[in-house]
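Down below is the structure, laid out as structure tokens.
Protein chains: 2
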Amino acid sequence: MFALFIMIEMGISERKEREREEMRALILEAAKHLFLEHGYAKTSIRGIADRIEYSPATIYLYYKDKKELMLALQVEAFGKMNASFGELLAIADPFARLQRMGELYISFALENPQLYDLMFMLEAPMEALECQQDSWLNGMQSFDFLKQSIWDCVEAGYFEESADIDALALTVWSYMHGLVSLYLKGRMVIFGEDSQLDRLRESQRNFIDLLSKK
Amino acid sequence: MFALFIMIEMGISERKEREREEMRALILEAAKHLFLEHGYAKTSIRGIADRIEYSPATIYLYYKDKKELMLALQVEAFGKMNASFGELLAIADPFARLQRMGELYISFALENPQLYDLMFMLEAPMEALECQQDSWLNGMQSFDFLKQSIWDCVEAGYFEESADIDALALTVWSYMHGLVSLYLKGRMVIFGEDSQLDRLRESQRNFIDLLSKK
DNA sequence: TTGATTTAATAAACAGTGTTTAGTATGTTT
DNA sequence: AAACATACTAAACACTGTTTATTAAATCAA
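If you're matching them up, the sequences are chains A and B in order.
For the first sequence, the numbering used here begins at 556 and goes up steadily by one.
For the second sequence, the numbering used here begins at 556 and goes up steadily by one.
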């Protein structure tokens, strides 16, 4: 009798929780679709609401504000990027792994410019982090992987024994981020409208040289 | 008689032109003040209008839209940055000059985060460029100076004779931009809240090493 | 100087934005 | 069946960039 009461109680609240998660996913799906098409600024709460045929106010029952919604998308984006790095585990040579990681990083950025924006350029999702910055640290597990690969490079004799892994990892990341963000934000027009991607690739090879010729 | 007529005619139209430029400068001054305090997104046309005690519509008589207003600010920002590079002309050794240029670039970015945003991260001013992209090329004269310094480094034997100057310049710029933009956009929190500036400096030294040990 | 005309400025509106509030149904519990 | 809780929304609030119609002033032609 008591057990039955609890089961019904738990059954309903569990269903409610499930429905709540389904609704959150529905909103997120619509947000993602619009965001990938038009970017953060041009994605409106009303647009998202229209797409799922709910009122705008409903969205605020599931997400605190637009920033938190974008943070949820950012988490998804990090998942996608981390997944794209999966093949790296099969590369034994650490320097080859490092090089391939750079290629994959650039590919991800160029193929998912809006997601890249969300992850590394927009302030909105970062402001939503506040206390719960675990999701950012979690998302940045790829940076740990980068550090590990650099460590492996040191052990394999590619870099000096005295190398500062943290600094080196930040240096590599900075270069990669700088390169793709200059490209994505249209700051490479100085090279002419057409040859920009070529310049990007040239610089990429250049940086590999810089790293390897130490 | 005829000459007098012309003089009056010209005198008025010249005054009008002068007054128009003064008004443009007045608007720009107000826009700059608000922008430096709150950034692009939070700077409103109404806010600018309030500050100069004119109606919002008046601003549209002097600037096509908000993007064009921000483009004018971007041009000013480039002027300021180029000026900050002035002292480099006094440095004879090309590698020391290159190193100092990096320091000045980072200093400018950290001391003028909103201006840096305008110059290298926001899309708004770039969209306003359209046909008249001369202002961007003009603003980027510092990039030519960077290329020149790298060329000098090659001649002085710091880099290989076969070095691709364009690619190397882009590589240096990408790294610098990546480093400061990761910092400015709060993506270096993985290093903890306090040590970020130290990490930035460490990486900077690291990159110099990478360049010099070739 | 007077009347016509161009110019400068604005009030008000338009179409949008993120977000909050008050109210209404529906589902759940007692 | 009555009391309560939940999900949802219409409408409003306070903004945003931008356009239009109108007014007042400066300039021009007679």
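From the three backbone atoms N, C-alpha and C, an ideal C-beta is built for every residue, glycine too.
In this text the structure is predicted, and so the values were computed from the model without any measurement.
For residue i, go through chain B and note every residue whose CB falls closer than 7 Å to its CB, in chain order.
i, result
"Leu725(A)", "Arg754 and Ser758"
Might you give, ordered along the chain, the residues of its own chain that have their beta carbon closer than 8 Å to the beta carbon of residue i, omitting 5 neighbours on each side?
i, result
"Ala558(A)", "Model confidence at Ala558(A) stands at a pLDDT of 36, short of 50, so the residue's coordinates are unreliable and nothing is read from them."
"Ile763(A)", "Gln654 and Gly657"
"Arg570(A)", "none"
"Leu583(B)", "Leu624, Ala627, Leu628 and Glu631"
"Asp541(A)", "Because chain A spans 556 through 769 in this model, residue 541(A) falls outside it and cannot be assessed."
"Phe675(A)", "His732 and Ser736"
Which chain B residues sit within Cβ distance under 8 Å of residue i?
i, result
"Ala722(A)", "Arg754, Glu757, Ser758, Arg760 and Asn761"
"Asp719(A)", "Glu757 and Asn761"
Given that residue i touches chain A, what residues does it touch there, using C-beta distances under 7 Å?
i, result
"His593(B)", "By Cβ distance, chain A contributes nothing, its closest Cβ being about 13 Å from His593(B), past 7 Å."
"Ser697(B)", "Under the 7 Å cutoff, chain A gives no residues; its nearest Cβ is about 11 Å from Ser697(B)."
Which residues in chain A have a C-beta closer than 9 Å to the C-beta of residue i? List them in chain order.
i, result
"Phe675(B)", "Ser736, Leu737, Lys740 and Arg742"
"Tyr660(B)", "Within chain A, no residue comes near Tyr660(B); the closest Cβ sits about 11 Å away, beyond 9 Å."
"Met681(B)", "Lys740, Gly741, Arg742 and Val744"
At a CB-CB cut-off below 8 Å, which residues of chain A make contact with residue i?
i, result
"Met625(B)", "Under the 8 Å cutoff, chain A gives no residues; its nearest Cβ is about 14 Å from Met625(B)."
"Pro733(B)", "Checking the displayed sequence, the identity of residue 733(B) turns out to be Gly instead of Pro. In chain order: Trp728, Ser729, Tyr730, Met731, His732, Gly733, Leu734 and Ser736."
"Glu678(B)", "Lys740 and Gly741"
"Gln507(B)", "Here chain B comprises residues numbered 556 to 769, so residue 507(B) is not present and cannot be evaluated."
"Leu765(B)", "Thr726, Leu765, Leu766 and Lys769"
Which same chain residues end up closer than 7 Å to residue i when comparing Cβ atoms and leaving out the 5 residues on each side of it in sequence?
i, result
"Arg601(B)", "Pro611"
"Leu737(B)", "Met743"
"Ala586(B)", "Thr598, Ile603, Leu624 and Leu628"
"Pro680(A)", "Lys622, Met625, Leu626, Gln629 and Leu673"
"Asp699(B)", "none"
"Gln696(B)", "Asn637"
"Ile607(A)", "Leu581, Ile582 and Ala585"
"Phe633(A)", "Met674 and Gly694"
"Leu591(A)", "Gln669"
By Cβ distance below 6 Å, which residues in the same chain neighbour residue i in space, the five residues on each side in sequence not counted?
i, result
"Met578(B)", "Tyr617"
"Leu684(B)", "Trp691"
"Leu739(B)", "Pro668"
"Phe663(B)", "Met636 and Ser639"
"Lys702(B)", "Ile720 and Ala724"
"Tyr671(B)", "Ala664"
"Ile705(B)", "Ile720, Leu723 and Ala724"
"Phe650(A)", "Cys708 and Tyr713"
Mind pulling the chain B residues with CB within less than 9 Å of residue i?
i, result
"Leu692(A)", "Val744 and Ile745"
"Gln688(A)", "Val744"
query = Between the segment 715-732 of chain B and the segment 754-761 of chain A, do at least 3 Cβ pairs fall closer than 8 Å?
reply = They touch, by the three-pair rule.
task = Report the residues of the segment 619-650 of chain A with a CB closer than 8 Å to any CB of chain B, ordered along the chain.
result = Under the 8 Å Cβ criterion, the segment 619-650 of chain A contributes no residue.
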